[in-house]
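Going by numbering that gives the first Met the number 0, the sequence shown wraps up at 300, each residue one higher than the last. A virtual CB, placed ideally from N, CA and C, is assigned to each residue, including glycine.
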Amino acid sequence: MSDYVELSNLTKGFPGSTGPVIIVRDFNLHIQRGEFVTLIGHSGCGKSTVLSMLAGLCPVTSGAIVLAGRELTGPGPDRGVVFQSPSLLPWLTAFKNVMLGVDQVFFTAPRSERARIAEYYLSVVGLADAMHKRPSELSQGMRQRVGIARAFALSPKMLLLDEPFGMLDSLTRFELQQVLVNLWSRNAVTALMVTHDVDEALFLSDRIVMMTNGPEAGVGDILDVTFSRPRERRAVIEHSDYQRLRDHLIDFLETRAHLRPNQTPAPHRPPPSAPASRPVNRPVVRPREPLTADVLAVTPG
Ligand SMILES: Nc1ncnc2c1ncn2[C@@H]1O[C@H](COP(=O)(O)OP(=O)(O)OP(=O)(O)O)[C@@H](O)[C@H]1O
Ligand SMILES: [Mg+2]
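1. By the 10 Å Cβ neighbour count, where 16 or more other Cβ atoms means buried, how is W90 classified, buried or exposed?
2. Measure the C-alpha to C-alpha separation of N8 and S61 and round it to an integer number of angstroms.
3. Which residues does DSSP pair with R78 in a beta bridge?
4. Can you grab the Cα-Cα spacing for the pair R115 / G100, in whole Å?
5. Between V49 and F13, is the Cβ-Cβ spacing less than 8 Å?
6. Which residues in the same chain have their Cβ closer than 6 Å to the Cβ of M209, if we skip the five residues on either side of it in sequence?
7. Residues in its own chain within less than 7 Å of Y120 by CB, not counting five upstream and five downstream?
8. Measuring straight from C-alpha to C-alpha, what distance separates V80 and E174?
9. With DSSP run on the structure shown, which of helix, strand or coil describes P14?
10. I'd like to know whether the C-beta of D220 is nearer than 8 Å to at least one C-beta of chain C.
11. Would you say N212 and C57 are within 8 Å of each other, going by their C-beta atoms?
12. With P155 and V188 assumed to form a contact (beta carbons below 8 Å), what rounded beta-carbon distance in angstroms separates them?
13. How is R185 classed by DSSP in three states: helix, strand or coil?
14. Cα separation between D223 and M166?
15. Assuming A54 contacts L159 (C-beta within less than 8 Å), just tell me the rounded distance between them.
16. Using the C-alpha atoms, what's the distance from T107 back to L191?
17. Within the present structure, is the beta-carbon of V104 separated from the nearest heavy atom of ligand 2 by less than 7 Å?
18. With distances taken between CB atoms, is the gap from M141 to A129 smaller than 8 Å?
19. Which runs of the alpha helix (DSSP H) at least 4 residues long sit entirely within the stretch 13-99? Give them in chain order.
20. From P274 to R232, what does the alpha carbon distance come to, in whole angstroms?
21. If I follow the unbroken alpha helix (DSSP H) through M141, where does it start and stop?
22. If the criterion is Cβ atoms closer than 8 Å, does the pair V65 and I30 meet it?
23. Consult DSSP for A275 and reduce its assignment to one of helix, strand or coil.
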């Protein structure tokens, strides 16, 4: 099985007062189709920079990004992006905000089909009764639901999420994590998400990529999260592996994130009882819910 997403020697520099500053250097990551990967690391290490390069919003300095066999050179509707704040157009309703992208991607489909796509995704994120409201009439959590619906409605090859729940209270955060994971598993979409929250990463991910601190940040370690799916939050937290995986992440962030890739840490803390990381990918095999809505038969134009 070939890799669906390949980030190869990805490097990004920004101009600094005394010359270019390399923020990310030789970032290498391969992601399988349908995999959910999270990126975790200290503030300022370059997580959003990596995501922005994948989104095509920030040009790469060197290296390459390949998605589904095609090298990326700029933004495109094959990538759905969800930021911390959804940046909705304030004069349009939730429905019309979602339709903006749907109209562009499914331009060959009749208008009624396009409307059904927007309505479907707004309904599954829980906004069936609020889709004709403007952003100012929606709560922060509802606006973020629109952002999630907008991204999925484009049927993207890949979903890119940058701390999508960072501004939400914990109850809304839990609800939206569930909305996201349900949609992700139904749509078999490949996802890369940035988060600071280790519990969120453990609940959602197939793998967690730990970034070293910048400048010249890279992949420091990768953790497999093998809890069976679908996951139930309490069962995940009570799983016998949970604390060990969580300790591994915290240990990396506290004591190993400042090390350069391939540099070994001073042995002042014991490693986890069982090795949890691996250097290479494995195919992801996960049962999928069948797509039932006929609107999903529409393919991007
Ligand atoms: N356009 C830019 N010009 C110059 N420097 C930049 C630019 N964008 C980001 N940087 C720098 O790159 C570094 C990484 O920024 P980035 O936003 O990727 O970090 P992050 O890991 O996402 O942080 P956080 O967790 O706080 O969101 C920072 O030092 C930042 O100042
Ligand atoms: Mg960021």
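The relevant details are as follows:
1. exposed
2. 7 Å
3. M157
4. 13 Å
5. no
6. I39, G219, D220 and F251
7. V97, A148, F151 and A152
8. 19 Å
9. strand
10. Included in the structure is just one protein chain, with no chain C present.
11. no
12. 6 Å
13. helix
14. 27 Å
15. 5 Å
16. 29 Å
17. no
18. yes
19. 46-54
20. With a pLDDT of only 44 at P274, under the threshold of 50, the placement of this residue in the model should not be trusted, and no figure is reported.
21. Q139 to A152
22. no
23. Confidence is the limiting factor: at A275 the pLDDT is only 43, short of 50, which leaves the residue's position unreliable, though a coordinate-based value still follows. Note: A275 maps to coil in three-state DSSP.
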